[in-house]
Structures are given as C-alpha cells and as structure tokens.
C-alpha cells in the first residue's frame, strides 16, 4: 500500500512537470507533452501525451477514454435492448431505495432536484447524447419511484383502487390516511438525503459527469 502511494505520488509529480504555458486555468493544455510508456497487447509502446490542467483538483492530469463503436440494429433487437436497459434501471432503482435504510454508501449515491439539474446541465455542456441518456435514466428512475404502492405516490392510488376493487366496497379514508404516513416519510427521507448530498457535492468534489 505504501509503495503504491509512493508510485502514485511520483507519477503525479512527473505529470506536474508539464504545466500550461500561461496561467493555469481549467482545461488548459500543457506546454510540453509527457512521455508515457505503456504495455498494450503484450508490446511496450511509447506515447507522447499532453496533460490538461484540472482546475477542480488544481493539478495537471492525464486521462483516457474508451473507444465507441456504433452498430446498427433492427427494430426487434432495439426493442429487446431497450427492455433490458429499462429492466436494469428499474432493478437498480428499487435496490438503491431499499439499501439507503442500512447502507451508508448507498445513501451517498442519492441525488435530489438540484443534483439532477446540475448533472443534466453539465452533461449538455459535455455531450448531447450523454445528456439525453442521463435525462432518460432520471425520468425512468422517477417513474419507478412514483409507482411504489404508497400514498401520495401514484402507485399508492393504484394500490388502493385495486384493493377496493377486490374488496368490493370502499376503504375508509381514515385507513388510507394512516397508511399514507409511510409514503410521506419515504418522500421526505429521499428529499432530505438527496438535498444534503447535492449541497455537499456543490461545495466539494462536484458531480463529475465525465
């Protein structure tokens, strides 16, 4: 562990020896490229990579991105892929909501209205396709939460309407009011956790949409 930290420190120092030509501002490119030796497919290659200044971390940084390959698919494959993605987002949303009651790390991942807006705004500045994907994920996650069977959520109204249908007569309002307490508490807890996390991100590490 100590050896790894020392290596990381030496790497950061080496990258820092390639500062921007003028005043260091976020995103400025280093005046000189850094020499990087990598092992790729069993062969050692020497690359010349120009660092960029990270204003948030106040340091020169090197990074990488994954190459993307666009493949055309037919309507059947597209529908299947869409259904798979929707199911995965639904499953992860339900799992995340359940884990916030006992997992501190899960609570740190929750965002509120502020976080949703800021993430979307930064995504549009970075890449429109990514921003639309983020909007889709947020919309689907909110739809899943809204279908939870607790009042005042829409899922709660559906649940009690089905209950009255099966029962054959109206359920007393007092019963639904008592049952709705859990739904109100869930909404308040999610709102409080999300707002607290958003404020912390705005004041600290940011949302890091890239």
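Residue numbers (the working numbering): 1 to 210. By construction, the Cβ of each residue, glycine as well, lies at the ideal position given by its N, Cα and C atoms.
Item, Value
"Residue 39 - partner residues in DSSP beta bridges", "44"
"The region 68–84 / the region 111–131 touching (three or more Cβ pairs under 8 Å)", "no"
"As assigned by DSSP and simplified to three states, the class of residue 59", "strand"
"Alpha-carbon spacing of residue 84 relative to residue 33, whole angstroms", "43 Å"
"Which of helix, strand or coil DSSP assigns to residue 53", "strand"
"The alpha helix (DSSP H) enclosing residue 130, as first and last residue numbers", "128–146"
"Residue 113 versus residue 48: straight-line alpha-carbon distance, rounded", "42 Å"
"Proximal residues to residue 20 (C-beta, below 7 Å), its chain only, five neighbours per side dropped", "28, 29, 30, 31, 53"
"CB of residue 145 within 8 Å of CB of residue 93, strictly", "yes"
"At least 3 beta-carbon pairs within less than 8 Å: the region 123–141 vs the region 155–167", "no"
"Option nearest residue 185 by Cα separation, candidates 108, 176, 151", "151"
"Span of the alpha helix (DSSP H) around residue 75", "75–99"
"Through-space distance from residue 51 to residue 39, alpha-carbon basis", "19 Å"
"Beta-carbon gap between residue 164 and residue 171 smaller than 8 Å", "yes"
"Simplified DSSP assignment, three categories, for residue 72", "coil"
"Short Cβ contact (8 Å threshold) for residue 16 with residue 59", "yes"
"Nearest-angstrom Cα separation, counted from residue 25 out to residue 13", "18 Å"
"Rounded C-alpha distance that separates residue 130 from residue 115", "16 Å"
"Outcome for residue 95 when other beta-carbon atoms lying within 10 angstroms are tallied against a minimum of 16", "exposed"
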